[in-house]
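Everything in the sequence shown is counted per the numbering used here, starting at 108 for the first residue and increasing by one.
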Amino acid sequence: MRIFLILLFVPIISWGQIITDRPDQTEASVTLPKNILQIESGFYFQDEEAFNTLFRYGISKNVELRLNTNLLFLDSYDGLNIDSPKLGDLELGAKIQLFNSGDSATTVAFLTHLSLPTASKYYSNNGYGTLNRFLISHDLSETFSIGYNIGYNKIYGEKGVFVYTLAFAKSINKWGIYAEIFGERIKDGSQSNFDAGITRLINDGLQLDLSFGEGLNNDLSYLSLGVSWNYNLTKQN
């Protein structure tokens, strides 16, 4: 059983200060500003439910550090009843800005994570892994954008996985909507999926989201509710 729930998302819509990586699967091609801490959480209603929290922190103009956690709810494992919920493997990583010019509508970044086998039995991939993506986005207008990723994930002892995403997003005042296709390909097969959702900006540092996803050639099906919070650690009271 492969537990490979890294839920990383693109900020295809942004207003004010907060720029989130929720709720779609396409990773953003921009990094957080220096000294900005951002916490993004969401609950996923599916066959195996999960509560995901991503911690992001900008350490410089072009680099952010990341910690991704997943609280997994497993009813059984190969027919065995197991204790649940428990934390899955931790993922430590960084996003690096490669290109972001005020004269261009295109931005490019590189994302890398190290998956650590920190979880208990049944909840772990039982090996170290790397997750890498190139992230590209284009602002087609002030309110419409497109983002896409291509990458390769590898857990030690398992087959490597090529991943891809393509998302279209539109902003309407403080609301955002998006639609997306995403999937993965291994040596002996592939999976393709669709998802869509909405975001609502509450204030400059708080955003809510709602999304759903369905498999196009598999039985993936989920509904997700999330919240993202942003804070400037150098802000003076």
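C-beta atoms are modelled at their ideal positions from N, C-alpha and C, and glycine is treated no differently.
Every value quoted in this text rests on a predicted model; they were computed, and no experiment measured them.
Exposure label - residue i; buried when at least 16 CB within 10 Å
i: E321; result: exposed
i: P130; result: buried
i: A212; result: exposed
i: A309; result: In the sequence as displayed, the identity of residue 309 is Ile instead of Ala. Classification of I309: exposed, given that the 10 Å Cβ count is below 16.
i: I293; result: exposed
i: I113; result: Confidence at I113 is low in this model, with a pLDDT of 37, below 50, so the placement of that residue should be treated as unreliable; the coordinate-derived value is given next. Its Cβ being crowded by 16 or more others within 10 Å, I113 is buried.
i: S248; result: exposed
i: D196; result: buried
i: N232; result: buried
i: G304; result: buried
i: D295; result: exposed
Cβ shell of residue i (< 7 Å), same chain only, five flanking positions each side left out
i: S252; result: I119, S244, H245, D246 and A276
i: L178; result: A157, F158, P192 and L194
i: L332; result: G149, F150 and L317
i: Y338; result: L144 and G312
Euclidean distance between Cα positions of residue i and residue j
i: A201; j: D190; result: 32 Å
i: D302; j: N142; result: 32 Å
i: F269; j: S299; result: 12 Å
i: W282; j: L181; result: 34 Å
i: D210; j: S136; result: 16 Å
i: L340; j: L238; result: 28 Å
i: T250; j: S208; result: 18 Å
i: G353; j: G254; result: Residue 353 cannot be examined here, being either before or after the span of the chain that is shown, 108 to 344.
i: N188; j: S278; result: 45 Å
Given residue i as reference, the closest of the options once Cα atoms are compared
i: Q145; options: S136, Q153, E155 and L172; result: L172
i: N280; options: Y235, T306 and N339; result: T306
i: E155; options: S183, P140, N169 and S136; result: S183
i: K193; options: Q204, A226, S222 and Y329; result: A226
i: N259; options: G333, V137, G290 and S278; result: It should be pointed out that residue 259 corresponds to Tyr in this sequence rather than to Asn. Selected option, being the one with the closest Cα: G290.
i: I203; options: L187, N175 and K168; result: K168
i: G165; options: E147, P140 and S335; result: P140
i: F162; options: S248, G296, T138 and F180; result: T138
i: H220; options: S318, E198, Y229 and Y271; result: E198
i: S335; options: D311, E287 and T250; result: D311
i: I262; options: S331, Y285, W282 and L223; result: L223
i: F319; options: S278, Y285, T237 and N325; result: Y285
i: Y271; options: N324, V170 and S297; result: S297
i: I288; options: D128, K266 and L323; result: L323
Supposed contact pair residue j and residue i - C-beta distance, whole angstroms, cut 8 Å
i: S328; j: Q153; result: 6 Å
Residues near residue i in its chain [Cβ-Cβ closer than 6 Å; skip 5 each side]
i: T160; result: S148 and T176
i: V215; result: S136, L205, F206 and I243
i: N325; result: Q298
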